[in-house]
Each structure stands twice: as structure tokens, then as C-alpha cells.
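J.:
In our numbering, the protein residues as written are 6 to 213.
The following block contains the structure:
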């Protein structure tokens, strides 16, 4: 949705995508999504992908060093680029950390979705024609039966009141497999379910 907003705003020109991957597993760490799926998303969006690899988990200093290295890659070296957009909605401490980390590198942070009503925003995601599956749930906040479900209105209506409709507090993570921004939808195959650290239940999705 952050990309959706930026593409519709004439003051911005999107030049590429940035993602963080665990070096050993080639996965987006907290989401437990395969790197191949993220690369397929970028291909469907016709945008270059900057891959920022770290050994997960990593302290902030390691993350910031990896970010500095990633921003030296060719598709981020144009003099026209000086900002990175994030999809954060309301976590002020995360926003402040992102802003401070980028400021040290001479970049600025942009938050096109900031302070949206998350319930209304979840509905807007669906109204725009985006489709996603739930890849991971935090079992301390949400039942494992929500893992692997399609992110749709039935899913939203089933969520406990304590859970943010966009999973902004880490209650769940999703992967967008279809979108009006994509050249075509991604066909996914659900693999095994697994639990990490006794807490995070995930489904191993792959491309069909």
C-alpha cells in the first residue's frame, strides 16, 4: 500500500525496492518469507530490488552498517534518490529510529501511510484489489488457526479485538500475491507449518 500511494502521487518517482534478508536462510526474517517470493514480487512490479543481507538476529549497529552498504548499490546511486519510504502506520519509536538511522547516511524517511485508521486501511487494501496470505502469526497474540489464511474480510471479522487489523504490533505478517500493480498474480503453494522460538507459527510458501 505504501507503493500504491507513492505511485499515485506525482511528487514521487519510485526507483526501486529494498528488502532485508537473513543471509543463512535467504528469507525475510520475521515474516519467514522466501527470498525468491520477494524477487518474484519485484519482477511483477518491474522494479529493481536492493537486497540487504544480515545474519539474523542482528543488533542495530549491524543493521545500520548493512543498510549503508545496500544504499551504495547501483540502482540507489542516482542523484535523484534521497528518500526511502516505509509502510509503518503508528509505531512512533520505530519511525524515530528509521529517521535517525537514515539521517546519519544523508537520506530521509517517508511514511505515506502514517496515522491511518488501521481498520479502514485494511478495508482499503482489499477495495484496491490487493490480495495477501498470512505467512506468520505470533502465538502470544493470535491463534495458530489464523496462520495460512487469506487476508480478507472474513479474516478481519474473526480477529480478536486485541489484534490490530493490519498486524502493526507484529501479531501477524502477510505476503501480497496479487495486486493491480502486478503484471500478473503470483501462484503460491503452501508447504509445511513450523514454529520458531516456541512462538512464531509460519507457513512455508513457495512459487507454484
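Yeah, the Cβ is synthetic: ideal placement off N, Cα and C, and Gly gets one too.
Can you tell me which residues form a DSSP beta bridge with residue 27?
T.: Against the chain shown, residue 27 aligns to sequence position 22. According to DSSP, residue 27 bridges with 32, 59.
J.: For residue 157, I'd like the list of residues in its chain whose CB is within less than 7 angstroms of its CB, leaving aside the five on either flank, ordered along the chain.
T.: Your numbering for residue 157 matches position 152 in the chain shown. Cβ neighbours of residue 157 beyond the five flanking positions: 131.
J.: Do residue 218 and residue 22 have their CB atoms nearer than 9 angstroms?
T.: Here the chain comprises residues numbered 6 to 213, so residue 218 is not present and cannot be evaluated.
J.: Report the three-state DSSP secondary structure of residue 136 (helix, strand or coil).
T.: Along the chain shown, read from residue 1 onward, the residue named residue 136 stands at position 131. Three-state DSSP puts residue 136 in a strand.
J.: Give the DSSP-derived three-state secondary structure of residue 203 in the structure shown.
T.: Here residue 203 corresponds to residue number 198 of the chain shown, with the count starting at 1. In this structure, residue 203 counts as coil in the three-state DSSP scheme.
J.: Counting along the chain, where does the alpha helix (DSSP H) carrying residue 89 start and finish?
T.: Here residue 89 refers to the residue found at position 84 of the chain shown. That residue, residue 89, is in no alpha helix (DSSP H); its beta strand (DSSP E) goes 88-90.
J.: Spatial neighbours of residue 71 within its chain, please: C-beta separation below 8 angstroms, excluding the five flanking residues on both sides.
T.: Here residue 71 is taken as the residue at index 66 of the chain shown, counted from 1. Once the five neighbours on either side are set aside, the close Cβ partners of residue 71 are 25, 57, 58, 59, 63.
J.: Along the alpha helix (DSSP H) that carries residue 160, what are the first and last residues, could you check?
T.: Walking along the chain shown from the start, residue 160 turns up at place 155. Looking at the DSSP string, the run of the alpha helix (DSSP H) that includes residue 160 is 158-163.
J.: Under DSSP, the alpha helix (DSSP H) around residue 43 begins and ends at which residues?
T.: Your numbering for residue 43 matches position 38 in the chain shown. 40-50 is the extent of the alpha helix (DSSP H) around residue 43.
J.: Contact check, residue 138 vs residue 200 under 8 angstroms by CB: the rounded distance?
T.: Position 133 of the chain shown, counting from 1, holds the residue named residue 138. Position 195 of the chain shown, counting from 1, holds the residue named residue 200. About 18 angstroms separates the two Cβ atoms, so there is no contact after all.
J.: So if DSSP puts residue 212 in a beta bridge, which residue, or which two residues, is it bridged to?
T.: Counting from 1 along the chain shown, the entry for residue 212 is found at position 207. Residue 212 is bridged to 193.
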